[in-house]
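What follows is a set of notes on a single structure, which appears directly below.
2 protein chains.
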Amino acid sequence: MAISFELKHVCKQSGARYGILHTPHGSFETPIFMPVGTQATVKTLNPQEIKEVSDGLILANTYHLWLQPGEKIIKKHGGIRGFMKWKGALLTDSGGFQVFSLSELRKISESGVEFRNPKNGDLLFLSPEKAIQIQEDLGADIIMSFDECPPVDASYEYMKDSVLRTARWAKRGKEAHKTDQALFGIVQGGLDKELRKLSVELTTEIDFPGYSIGGLSVGETKDEMAEILAYLNPLMPQDKPRYLMGVGAPDDMINGVINGIDMFDCVYPTRNARHGTAMTTQGSIQIKNKRFEEDLSPLDPGLDSPISKYSKSYLRHLFKADEMLGYRLLTYQNLLFLKQFTAQIRQAIKEDRLLDFKEEFYKSYYHQKD
Amino acid sequence: MAISFELKHVCKQSGARYGILHTPHGSFETPIFMPVGTQATVKTLNPQEIKEVSDGLILANTYHLWLQPGEKIIKKHGGIRGFMKWKGALLTDSGGFQVFSLSELRKISESGVEFRNPKNGDLLFLSPEKAIQIQEDLGADIIMSFDECPPVDASYEYMKDSVLRTARWAKRGKEAHKTDQALFGIVQGGLDKELRKLSVELTTEIDFPGYSIGGLSVGETKDEMAEILAYLNPLMPQDKPRYLMGVGAPDDMINGVINGIDMFDCVYPTRNARHGTAMTTQGSIQIKNKRFEEDLSPLDPGLDSPISKYSKSYLRHLFKADEMLGYRLLTYQNLLFLKQFTAQIRQAIKEDRLLDFKEEFYKSYYHQKD
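Line order of the protein sequences matches chains A and B.
The first sequence begins at 1 in the numbering used here and counts up one residue at a time.
The second sequence begins at 371 in the numbering used here and counts up one residue at a time.
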């Protein structure tokens with residue numbers, strides 16, 4: 001198998017896990033945050049910069065790359081890594097989430113999902129087998145089973161059917177899978193504990209080298225997410241990595257880690273950057289705010305970063321003037337911030353003081369009072 | 371005086387000039403191309419990259435920086451160089467060209483120009499003295515006199531009045547100028563040789579450390595531009611640098627150099643990049659073209675560039691997917707191409723073979739047949 005996972009330590013204060021994920025393109029301490037390179041580019045950054053602001057493991061989206069430029073062109077480059085000249089490790093999602101969230105005219109059947117390409121209206125079909133084939137062509141180290149992610153307010157009956165179907169799809173995907181890329185199973189079930197338990201049982205029965213948790217961070221409250229994660233924690237296999245899909249806000253990450261999560265991805269830091277929100281060691285700030293117009297101080301003295309040389313005033317100017325360099329510099333800042341943040345989380349776990357770290361962090365980042 | 375110019379060699383084959391321009395922030399061989407950093411950023415690039423793809427002398431636009439963020443904020447940063455963290459040398463234009471090309475409701479009087487801020491409709495006033503004050507605050511090494519750039523089809527009477535007024539404005543600007551920044555005079559006169567001669571006489575009489583040629587590359591044909599430059603060449607002072615404003619297409623640059631030009635600036639390479647046009651040693655190509663969809667070859671094997679590692683297929687994908695990294699990578703390519711191109715021009719001048727180089731270049735870049 002292409003990957004392996006070592007659970008090295010469990011935080012005595014919080015129960016959070018510290019581990020090492022071994023992949024063909026590097027070994028990574030967990031918990032880890034994976035920056036999102038949707039279209040074979042972490043927006044605005046080159047591979048050298050991605051290396052600087054990540055731990056070396058990033059994500060790309062199967063759905064987008066399947067539609068543009070197509071997986072066969074990427075395969076000719078030796079996969080996404082060769083296509084974008086990324087020397088680190090890589091994970092792809094299955095495309096399922098985007099089919100359900102971005103496409104219109106979905107027709108779900110046992111065999112798969114028929115939908116229209118939003119770009120040109122073409123009818124397309126994605127199935128468990130097709131999702132595996134595309135991901136094999138894309139060539140990531142870690143790939144995902146094709147799953148359905150129903151809306152958070154779907155009925156119990158629909159959700160149960162969906163959980164059963166997703167498990168059948170996972171089995172079909174595993175059977176179709178030919179390479180030694182590590183294929184993860186995905187646990188669904190919305191906010192219903194019984195269905196979550198069922199999904200864990202059915203998915204772990206198939207046996208995967210890692211498990212993702214889908215269907216969270218899709219509109220539910222933070223408390224609802226935390227409750228499901230706490231419920232899932234003891235049910236999930238201890239010796240396999242657990243990946244909480246689509247989560248990257250600092251508070252959600254800490255609470256995820258406390259509930260046994262090892263891996264995260266999210267467009268949160270890069271999308272924030274696009275909108276002028278800088279994540280700093282003193283909290284997040286909206287750089288376009290008028291109060292930074294004449295602020296000559298550096299963006300984040302608490303982060304050892306090449307971005308530190310620029311004044312807040314200059315960064316604000318770049319956004320006010322619609323200059324892309326602003327977006328690029330904040331993307332770098334936000335990802336580097338999350339990299340430092342996850343390193344601090346790992347250190348706190350190893351030192352059995354993650355709850356203390358959480359309290360300190362909420363004070364410094366969210367300005368939470370005692 | 372902050373700058374000085376040494377004319378080192380005149381090409382025996384073409385009459386083109388090779389020289390050295392000394393500034394407080396570096397000495398530069400001429401002919402030189404100056405990348406445009408309109409809003410205190412060469413679009414998409416950071417200062418380290420600007421250093422790599424330029425000779426170390428760039429341009430910023432007074433008009434844009436006056437309106438956003440305002441020259442006083444930039445002055446607080448120690449000028450544009452401190453604002454954008456650029457350690458090289460810098461030139462600013464006077465703002466005149468933008469007032470005449472971008473603004474509506476211009477009212478030109480002897481004292482200056484009244485116009486509306488296109489962003490918010492505010493009435494603004496720019497005069498020779500104001501243009502100097504703003505440029506002193508912006509703090510470039512080389513600054514420009516405030517001039518009028520009339521449309522290429524203006525009447526003889528209007529153009530003559532304008533030439534006389536621009537000369538009076540140049541004198542007022544010189545009188546208002548207090549710093550040791552090098553203030554250039556600007557020669558106008560459209561396509562009328564008599565008026566061009568008058569403008570040279572009036573402007574050189576005031577005596578500046580360098581002279582710009584304005585009012586070209588504004589809609590006239592390439593032949594018309596070349597004819598005016600050839601006419602101006604013997605009239606202009608030999609011992610001062612000559613800057614042809616707003617010109618950066620390779621053929622225009624070669625023909626400018628043959629007619630005695632030492633300095634160029636243009637948004638041509640960066641704007642080309644934005645639209646997907648790559649300037650390469652084999653000619654320019656539109657990277658969005660379908661024929662590059664599966665083209666795994668590097669963009670430009672003739673240029674020693676970090677961009678060379680990417681395939682044309684990947685670069686095309688970035689543009690098709692509206693990814694900014696594509697714009698960024700082509701900006702780097704196009705500026706590096708022009709840097710190499712001007713180095714080749716200088717070498718050819720020193721070796722008295724610029725006309726031979728021109729012929730070779732037209733074959734390789736424009737695919738001109740014998």
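Note that the Cβ used here is the ideal one computed from N, Cα and C, for glycine as well.
(1) Are the beta-carbon atoms of B/Gly670 and B/Thr650 separated by less than 8 Å?
(2) Can you tell me whether DSSP reads B/Ile715 as helix, strand or coil?
(3) Do you know offhand how far B/Met633's Cα is from B/Gly458's?
(4) Within its chain, find whatever has a CB closer than 8 Å to the CB of A/Gln333; leave out the 5 residues flanking it on each side and keep chain order.
(5) With DSSP as the reference, label A/Glu49 as helix, strand or coil.
(6) Can you give me the C-alpha to C-alpha distance between B/Leu437 and B/Tyr697, rounded to a whole angstrom?
(7) Hey, which unbroken runs of the beta strand (DSSP E) at 3 residues or more fall wholly within the stretch 501 to 571 of chain B?
(8) Do you know whose CA, among B/Gly440, B/Lys489, B/Cys519, lies nearest B/Gln505's CA?
(9) Using CA atoms only, rank isn't needed, just tell me which of A/Gly185, A/Val113, A/Thr179 is closest to A/Tyr171.
(10) Could you say which of B/Glu590, B/Asp511, B/Phe731, B/Gly585 lies nearest to B/Pro579 if we only look at CA atoms?
(11) So, at 6 Å on beta carbons, what are the nonlocal neighbours of A/Leu329 in its own chain, with the 5 sequence-adjacent residues on each side left out?
(12) Can you name the start and end residues of the alpha helix (DSSP H) that B/Gly372 belongs to?
(13) Give the interface partners of B/Gln438 over in chain A, defined as CB-CB distance under 9 Å, in chain order.
(14) Is the Cβ of B/Met694 closer than 8 Å to any Cβ of chain A?
(15) Assuming A/Gly190 contacts A/Ile132 under a Cβ cut-off of 8 Å, what Cβ separation, rounded to an integer in Å, is found between them?
(16) Would B/Ser471 be called buried (16 or more neighbouring beta carbons within 10 Å of its own) or exposed?
(17) Which residue marks the beginning of the alpha helix (DSSP H) containing B/Arg644, and which one marks its end?
(18) Three-state secondary structure (DSSP) at B/Lys682?
(19) Just to confirm my understanding: we take A/Ser199, look at its own chain, exclude 5 residues before and 5 after, and list those with CB closer than 8 Å. What are they?
(20) Helix, strand or coil: how does DSSP classify A/Arg328 here?
(21) If the cut is a Cβ gap below 8 Å, which residues of chain B does A/Ile254 touch?
(22) Please say whether B/Ile583 and B/Arg612 have beta carbons closer to each other than 8 Å?
(23) Within 10 angstroms of the Cβ of A/Gln368, are there 16 or more other Cβ atoms? Answer buried if so, exposed if not.
(24) What's the C-alpha gap between B/Thr573 and B/Gly389?
(25) Report the residue from A/Ile345, A/Tyr362, A/Tyr366 whose alpha carbon sits nearest the alpha carbon of A/Ser14.
(26) Applying a beta-carbon distance threshold of less than 9 Å, which residues of chain A neighbour B/Asn490?
(27) I'd like to know if B/Asn416 contacts chain A, where contact means its C-beta is closer than 8 Å to some C-beta of that chain.
(28) Considering just the uninterrupted stretch of the alpha helix (DSSP H) at B/Leu392, what are its terminal residues?
(29) Are any of the Cβ atoms in chain B nearer than 8 Å to that of A/Glu201?
(30) Who are the near neighbours of A/Ala154 in its chain, counting only those whose CB is closer than 8 Å to its CB and skipping five residues on each side?
(31) State the Cα-Cα distance for the pair A/Glu293 and B/Ala410, rounded to the nearest angstrom.
(32) Do you know offhand how far A/Lys197's Cα is from A/Val113's?
(33) Could you check whether the stretch 83 to 98 of chain A touches the stretch 447 to 458 of chain B, counting it as contact only if at least three pairs of C-beta atoms, one from each stretch, sit closer than 8 Å?
(34) Spatial neighbours of B/Gly407 within its chain, please: C-beta separation below 6 Å, excluding the five flanking residues on both sides.
(35) Within a Cβ cutoff of 8 Å, which residues of the same chain sit near B/Lys610, ignoring the five residues on either side of it in sequence?
(36) List, in chain order, every chain B residue whose beta-carbon is nearer than 7 Å to that of A/Thr41.
With the given structure in hand:
(1) The residue you asked about is not Gly; residue 670 of chain B is Asp in the sequence shown. Contact: yes.
(2) DSSP places B/Ile715 in helix when its eight states are reduced to three.
(3) 16 Å
(4) Ala273, Ala278, Met279, Thr280, Leu299, Asp300, Leu303, Ser305, Ile307
(5) Helix.
(6) Going by the C-alpha atoms only, they are around 26 Å apart.
(7) Segments of the beta strand (DSSP E) lying fully in the stretch 501 to 571 of chain B: 512 to 514, 552 to 557.
(8) B/Gly440
(9) Here residue 171 of chain A turns out to be Lys, not Tyr, going by the sequence shown. Comparing Cα-Cα distances from A/Lys171 to each of A/Gly185, A/Val113, A/Thr179, the minimum goes to A/Gly185.
(10) B/Asp511
(11) Ile307
(12) This sequence places Ala at residue 372 of chain B; Gly is not what is there. Per DSSP, B/Ala372 lies in no alpha helix (DSSP H) and is assigned neither H nor E.
(13) The contacting residues are His317, Lys320, Ala321.
(14) yes
(15) Between A/Ile132 and A/Gly190 the Cβ distance is about 25 Å, and since that is not below 8 Å, they are no contact.
(16) exposed
(17) 638 to 644 is the span of the alpha helix (DSSP H), which, as asked, contains B/Arg644.
(18) Correct three-state label for B/Lys682: helix.
(19) Val163, Thr166, Ala167, Val187, Gln188, Gly189
(20) Three-state result, A/Arg328: helix.
(21) A/Ile254 does not reach chain B, its nearest Cβ partner there being about 31 Å away, counting only Cβ pairs nearer than 8 Å.
(22) yes
(23) exposed
(24) 22 Å
(25) It is A/Ile345 whose Cα lies nearest to the Cα of A/Ser14.
(26) Neighbours of B/Asn490 on chain A: none; closest Cβ ~12 Å, over 9 Å.
(27) yes
(28) What sits at residue 392 of chain B in the sequence shown is His, not Leu. Taken as a continuous stretch (DSSP letters only), B/His392 belongs to no alpha helix (DSSP H), being part of the beta strand (DSSP E) at 387 to 393.
(29) No, its Cβ sits nowhere closer than 8 Å to a Cβ of chain B.
(30) Ser162, Gly190
(31) 15 Å
(32) 25 Å
(33) Flag = no, the stretch 83 to 98 of chain A and the stretch 447 to 458 of chain B do not touch.
(34) For B/Gly407, the CB contacts under 6 Å within the same chain, skipping 5 residues up- and downstream, are Ile428, Ala430 in chain order.
(35) Phe375, Phe578, Pro579, Gly580, Tyr581
(36) Leu688, Glu693, Leu695
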